[in-house]
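Residue numbers (the numbering used here): 180 to 354.
In structure tokens form, the structure reads like this:
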């Protein structure tokens with residue numbers, strides 16, 4: 180009889196389970212500020228990323244900026260990387276896909292010696308795939324992205340498209 184009581188109590192007790200903490204699977208921290216080395220901003224960029232949708236894939240939009248003074252003192256460039264990202268994965272580790280363009284505004288002198296102010300150059304179009312570390316509750320953000328990029332370019336022989344294999348390393352904070 181005692182054995183039956185023991186197994187009966189055990190069978191009632193086992194389904195009860197308590198968790199002191201739970202890890203959120205939906206993103207509560209939807210804002211991310213980060214610096215990226217190389218990547219979508221060419222040399223570096225300072226960026227803001229915002230999660231906009233979390234059904235199936237998680238979607239985010241990103242905007243950044245990079246200022247690059249010319250080394251030969253003929254002008255300067257402002258780069259503006261814009262992208263839409265989709266990423267998968269639960270908890271902290273994610274596979275990220277991105278698509279976007281980096282716009283370049285140039286102020287300075289051309290090769291012909293003409294002064295140009297705020298000219299929009301040909302955009303750099305990219306599609307990326309990489310790894311994204313981001314906790315749903317906020318904190319450290321890190322990413323590594325492979326970015327095959329395409330850029331139309333007007334050379335002496337006319338308009339052509341350059342293929343630029345590229346890599347980006349991002350580090351920041353989500354909140």
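Using N, Cα and C, we set each Cβ at its ideal position, and we do this for glycine too.
Look at the beta carbons and you see the segment 222-234 not touching the segment 332-346: under three pairs across the two are nearer than 8 angstroms. As DSSP reads the structure, residue 259 sits in a beta bridge with 282.
Residue 218 sits in a helix when the DSSP states are folded into three classes. Taking 7 angstroms as the cut-off, the beta carbon of residue 343 is found no closer than this to the beta carbon of residue 322.
According to the DSSP assignment, residue 292 belongs to no beta strand (DSSP E), since it is labelled neither H nor E. Around residue 283, the same chain offers 256, 258 and 300 as residues with beta carbons nearer than 6 angstroms, after the five sequence neighbours per side are excluded. The three-state secondary structure of residue 205, taken from DSSP, is coil. For residue 247, the uninterrupted beta strand (DSSP E) segment begins and ends at 236-248. Closest in C-alpha terms to residue 273, from the list 249, 354, 324 and 243, comes 324.
In this structure, residue 214 and residue 326 do not form a Cβ contact; the two beta carbons are roughly 16 angstroms apart against a cut-off of 8 angstroms. By the neighbour-count criterion, in which a residue is buried when 16 or more other Cβ atoms sit within 10 angstroms of its Cβ, residue 296 is exposed. The continuous beta strand (DSSP E) containing residue 324 extends over residues 318-325.
For residue 340, the enclosing beta strand (DSSP E) covers residues 337-343.
The continuous beta strand (DSSP E) containing residue 309 extends over residues 303-313. Assigned with DSSP and collapsed to three states, residue 267 falls in strand. Residue pairing for residue 230: DSSP places it in a beta bridge opposite 239.
Residue 305 and residue 225 have their C-alpha atoms roughly 18 angstroms apart.
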